[in-house]
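A short write-up of the structure that comes next.
2 protein chains.
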Amino acid sequence: MTSKYAPVESCNCEVIHEEVVNKVRKKMPKEETLYDLAELFKVFGDSTRIRILWALDEAEMCVCDIACLLNMTQSAISHQLRVLKQAKLVRSRKEGKVVYYSLDDEHVRMIFDQGLAHTSEK
Amino acid sequence: MTSKYAPVESCNCEVIHEEVVNKVRKKMPKEETLYDLAELFKVFGDSTRIRILWALDEAEMCVCDIACLLNMTQSAISHQLRVLKQAKLVRSRKEGKVVYYSLDDEHVRMIFDQGLAHTSEK
DNA sequence: TTATCATATGAATAATTGTTCATATGTTTA
DNA sequence: TAAACATATGAACAATTATTCATATGATAA
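Just so you know, the sequences run in chain order A and B.
Numbering-wise (the numbering used here), the first sequence opens with residue 280 and increments by one.
Numbering-wise (the numbering used here), the second sequence opens with residue 280 and increments by one.
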């Protein structure tokens, strides 16, 4: 999160290129829009969650399976699945004791691909 | 970062669907690849940086201008520009005292668009 | 030179966060 | 019923991080 600190009243320097600043200011989306966007990318910004998403893009899996695949505790995975579910990136389906998770968004793959395009080039 | 804790020796539950786990395991990318991907998205996961990237997608700007636009201190912006530069998402150009920053990646816009497609739908 | 200005940077701090541990919940099986 | 099992969850802790403040750097102007 960013608005952890008290809002700054103004930048502490002169505006050098006022026209540019005004032009860009007009085009900026609502604060909330960019905040939500950052919140979404924050969810992608953890390698455990990235690995879970990647795995679920291959197959629907239960919590146990994911924990085993990633060699992590069931608790850690469960906590992260919760985050992913709140972000509406995964959905779950219950069958007896077992809860199956799967991807709940068609954009995940696209986001991955664009990210990979960047990281593999640089 | 994720590997902050000692590696877990194994998940603490039985494998329920061994075939699925094995199938997915074979298809998983290298650990490092997914780690780098998470590191990239972490950079997008802060609203100050998202706003900077968005602004720079509209126009090349100097540090002062960005600080003014976002109503934040020059120092805070400078620190974040450093992060963005290390991630190779922005580049800089010096002209006298003034340093101009601009986007250094053609994928930024695409990543934004996919992210927005998600956040605006849900 | 000296003053001023734009930017960068190191240290400190407060807030956030991912995992662990213990335990709770809810389902199936004996 | 009780036991076993899969999953969820709350508290605690360690690690990370975004900003602030003070100051350094480097360029221009006086």
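Even glycine gets a Cβ: it sits at the ideal position worked out from N, Cα and C.
* Asked: If you compare alpha carbons, which of 359/A, 308/A and 340/A is closest to residue 302/B?
  -> On the second sequence, residue 302/B is found 23 positions in, with the first residue counted as 1. Among 359/A, 308/A and 340/A, the Cα nearest to that of residue 302/B is on 340/A.
* **Rounded distance between the beta-carbons of residue 348/B and residue 394/A, thought under 8 Å** => For this step, residue 394/A is matched to residue 115 along the first sequence. For this step, residue 348/B is matched to residue 69 along the second sequence. Incorrect: roughly 26 Å between the Cβ atoms, too far for contact.
* Asked: Hey, is residue 319/B's beta-carbon within less than 8 Å of any beta-carbon in chain A?
  -> As a position in the second sequence, residue 319/B is number 40, starting the count at 1. Judged by the 8 Å Cβ criterion, residue 319/B is in contact with chain A.
* Using the Cα positions of residue 304/B and residue 334/A, report the straight-line distance between them to the nearest angstrom. => Taking the second sequence and counting its residues from 1, one reaches residue 304/B at position 25. Taking the first sequence and counting its residues from 1, one reaches residue 334/A at position 55. The straight-line gap from Cα to Cα measures roughly 8 Å.
* **C-beta contact flag for residue 397/B and residue 384/A at 8 Å** => Locating residue 397/B in the second sequence gives position 118, counting from the first residue. Locating residue 384/A in the first sequence gives position 105, counting from the first residue. Yes, these two residues count as a Cβ contact at 8 Å.
* Asked: Hey, does residue 377/B have any beta-carbon neighbour from chain A nearer than 8 Å?
  -> Taking the first residue of the second sequence as position 1, residue 377/B is located at position 98. Yes, residue 377/B counts as interfacial toward chain A.
* Thinking C-alpha only, which one of 369/B, 357/B, 309/B and 323/B is nearest residue 338/B? -> For the purposes of this step, residue 338/B is identified with residue 59 of the second sequence, where counting begins at 1. If we check each option's Cα against that of residue 338/B, 369/B comes out closest.
* To do: Look at the Cβ atom of residue 319/A, then the Cβ atom of residue 366/A, and state whether they are nearer than 8 Å.
  => For the purposes of this step, residue 319/A is taken as the residue at position 40 of the first sequence. For the purposes of this step, residue 366/A is taken as the residue at position 87 of the first sequence. Result yes, Cβ atoms of residue 319/A and residue 366/A sit closer than 8 Å.
* Asked: CB-CB under 7 Å to residue 328/B, same chain, minus the five flanking residues each way: which ones, in chain order?
  -> Looking up residue 328/B in the second sequence gives position 49. Hits under 7 Å: 322, 359, 362 and 363.
* **Where residue 316/A sits in the DSSP three-state scheme** => On the first sequence, residue 316/A is found 37 positions in, with the first residue counted as 1. Residue 316/A falls in the helix class under three-state DSSP.
* Helix or strand or just coil, what does DSSP make of residue 481/A? -> This structure leaves residue 481/A out entirely; chain A is present only between 280 and 401.
* **Cβ neighbours of residue 356/B in the same chain (closer than 6 Å, five flanking residues each side left out)** => Position 77 of the second sequence, counted from the start, is the residue given in the question as residue 356/B. So the qualifying residues of the chain are 342, 345 and 346.
* Alpha carbon to alpha carbon, how far is residue 298/B from residue 326/B? -> By one-based count along the second sequence, residue 298/B stands at place 19. By one-based count along the second sequence, residue 326/B stands at place 47. Answer to the nearest angstrom: the Cα atoms are 41 Å apart.
* Please compile the residues from chain A whose C-beta is within a distance smaller than 7 Å of the C-beta of residue 314/B. => For this step, residue 314/B is matched to residue 35 along the second sequence. Simply 326.
* Separation of residue 336/B from residue 371/B, as counted between CA atoms -> Numbered from its first residue, the second sequence carries residue 371/B at position 92. Numbered from its first residue, the second sequence carries residue 336/B at position 57. Taking the straight line from one Cα to the other gives about 14 Å.
* **Where residue 311/A sits in the DSSP three-state scheme** => Indexing the first sequence from 1 puts residue 311/A at position 32. In this structure, residue 311/A counts as helix in the three-state DSSP scheme.
* Report yes if the CB atom of residue 390/B is closer than 8 Å to the CB atom of residue 331/A, and no otherwise. => As a first step, residue 390/B must be located in the second sequence, where it is residue number 111. As a first step, residue 331/A must be located in the first sequence, where it is residue number 52. Their beta carbons are not under 8 Å apart, which means residue 390/B does not touch residue 331/A by this criterion.
* Asked: Which of helix, strand or coil does DSSP assign to residue 382/B?
  -> Position 103 of the second sequence, counted from the first residue, corresponds to residue 382/B. It is a strand residue.
* To do: State yes or no: is the beta carbon of residue 285/A nearer than 8 Å to at least one beta carbon in chain B?
  => The residue labelled residue 285/A in the question sits at position 6 within the first sequence. Confidence at residue 285/A is low in this model, with a pLDDT of 34, below 50, so the placement of that residue should be treated as unreliable; the coordinate-derived value is given next. Chain B, which has no Cβ nearer than 8 Å to the Cβ of residue 285/A, makes this no.
* Against chain A: residues of the stretch 337 to 371 of chain B by CB proximity under 7 Å -> 337, 338, 340, 341, 343, 344, 346, 347, 348, 350, 351, 352, 353 and 367
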